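The opening position of the sequence shown corresponds to residue 743 in my numbering, with each subsequent residue numbered one higher. Let me begin by presenting the structure, written as structure tokens, before commenting on it.
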Amino acid sequence: MENQRKDRRIKWLILLIPTLTIGLWEYVRHAFLLPYISMDLGNLLAPFIVLAVTLTLVRGLFARLEQSQRALQAEKEVKASLEERESLARELHDGISQSMFLLAVKLDQLEELDKEGPVWELANGLRETVRVMHEDVRQAIANLREPASPAKAAWVVPLRGLLGETAELTGARAEFVWTIPDDSLTDKEKIELHACVREALMNVRKHANASRVYVVGACDGQGGFRCSVEDDGVGFEGNPLQVQGRFGLRMVRDRAKAMGWSFLAERRGSRTVVELVKAGKKANV
743 MENQRKDRRI KWLILLIPTL TIGLWEYVRH AFLLPYISMD LGNLLAPFIV LAVTLTLVRG
803 LFARLEQSQR ALQAEKEVKA SLEERESLAR ELHDGISQSM FLLAVKLDQL EELDKEGPVW
863 ELANGLRETV RVMHEDVRQA IANLREPASP AKAAWVVPLR GLLGETAELT GARAEFVWTI
923 PDDSLTDKEK IELHACVREA LMNVRKHANA SRVYVVGACD GQGGFRCSVE DDGVGFEGNP
983 LQVQGRFGLR MVRDRAKAMG WSFLAERRGS RTVVELVKAG KKANV
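Right, here's the structure in full:
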């Protein structure tokens, strides 16, 4: 609201300054300069005076207005992203989470009907699978509803925390190397990059069986960056984006595509690498 009031004041100033300038010039000319400057010369000087004022005062106001509009647009993008996260969290809670809870109840009833034999063993195995999936959904809902503060310089701290949690749960050694300047990313880029790293680390937790895990973020010096999650685990079998029942890397790919980043998931020597790259401006020339 405050930004909107500032924008209105700037717009009024842009409109009024040329008018006030020409009015002030005419007053000074007639009141003080008429004996020294003829009418024709005064009329000739008027547009140049307005131009000089425009290039100084009005040009600065235009720059401030453009800066304010960019800040407002960035704020709208962050708000839209957070609303999308909240909407997705509600859908997960009201749909998948509750359905899985009902499925667990049905499996309990099935176990009561046959407490021994193959049916009981199958139901018991399915219930354990449902429990794990239910925990994953609950964790996803919690992550979506975490209050994001992308404007703070310490936004990278949660990324290091995610890596630490992964190392603690898997027993792997963790290494965090981050050199991307905070001011080189927009608020939306920070939110999306955080979500991509989280999904990649969840994939490491579930499937990699790694002894070392790395999160690397580096700038290219041209306004772009490279961010990767790497591990020395078992690697991929075939195309990881086509494995049935695994959606984490597909979500990372889709988020990257929506942001205009390149996505790569491959084996490099002894490491499995999930990489996101934003091309710098000079690189596109």
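From the three backbone atoms N, C-alpha and C, an ideal C-beta is built for every residue, glycine too. Since the structure is predicted, the reported quantities are computational estimates derived from the model, not experimental observations.
Is it the case that the Cβ atoms of Ser970 and Val958 are separated by a distance below 8 Å?
yes
Go ahead and label Ala794 buried or exposed: buried means 16 or more other beta carbons lie within 10 angstroms of its beta carbon, across all protein chains shown.
exposed
Beta-carbon proximity check, Asp704 vs Ser953, cutoff 8 Å:
Since the first and last residues shown for the chain are 743 and 1027, residue 704 lies out of range.
Determine the direct distance from the alpha carbon of Cys938 to that of Lys932, and round the result to whole angstroms.
10 Å
Beta-carbon separation of Ala846 and Asp929 under 8 Å?
Contact check for Ala846 against Asp929 fails: the beta carbons are separated by 8 Å or more.
Does DSSP put Lys1020 in a helix, in a strand, or in coil?
The DSSP-derived three-state label of Lys1020 is strand.
If Val976 sits next to Asn951, beta carbons under 8 Å apart, how far is it from one beta carbon to the other, in whole angstroms?
5 Å
Using the beta-carbon count (16 or more within 10 Å), is Phe774 buried or exposed?
The C-beta of Phe774 has fewer than 16 other C-beta atoms within 10 Å across all chains shown, which makes the residue exposed.
Would you grab the beta carbon distance between Leu758 and Leu803 for me? Rounded to a whole angstrom, and I think it's under 8 Å.
The pair is not a contact, with the Cβ atoms about 11 Å apart (cut-off 8 Å).
Applying the 10 Å Cβ sphere with the 16-neighbour rule, what's the burial state of His772?
exposed
Using CA coordinates, which residue listed in Leu927, Gly965, Arg968, Thr908 is at the minimum distance from Lys948?
Thr908
Just to confirm, are Glu1017 and Arg968 a CB contact at a threshold of 8 Å?
yes
Among Leu911, Asp749, Arg995, nearest to Gln809 - alpha-carbon criterion:
Here the closest residue by C-alpha is Asp749.
Compare the C-alpha of Leu807 against each of Tyr769, Arg997, Ile752, Gln964 and name the closest.
Distances from the alpha-carbon of Leu807 to those of Tyr769, Arg997, Ile752, Gln964 put Ile752 closest.
Beta-carbon separation (whole angstroms), Ala916 vs Gly903, contact threshold 8 Å
At roughly 11 Å, the Cβ-Cβ gap does not stay under 8 Å, so Ala916 and Gly903 are not in contact.
Kindly indicate which residue of Val919, Leu786, Asp924 has the alpha-carbon position closest to the one of Glu972.
Val919
How many angstroms separate the CA atom of Phe790 from the CA atom of Val898?
52 Å
Look at the Cβ atom of Thr1014, then the Cβ atom of Phe978, and state whether they are nearer than 8 Å.
yes
Return the CA-CA distance between Gly1030 and Ala1007, expressed in angstroms with no decimal places.
Only positions 743 to 1027 of the chain appear in this structure, which leaves residue 1030 out of reach.
Please check the pair Leu844 and Ala865, which I expect to be a contact at CB under 8 Å, by giving their CB distance rounded to whole angstroms.
Actually they do not touch by this definition, with Cβ atoms about 15 Å apart.
Who are Glu917's beta bridge partners in DSSP?
Tyr956
Do you know offhand how far Leu799's Cα is from Val994's?
47 Å
Helix, strand or coil for Phe978 per DSSP?
Phe978: coil per DSSP, three-state reduction.
For the alpha helix (DSSP H) that contains Phe790, what are its first and last residues?
781-795
In this structure, what does DSSP give as the bridge partners for Leu1006?
In DSSP, Leu1006 forms a bridge with Glu1017.
First and last residue of the beta strand (DSSP E) that includes Val994?
Note, Val994: premise wrong, no beta strand (DSSP E); alpha helix (DSSP H) at 990-1001.
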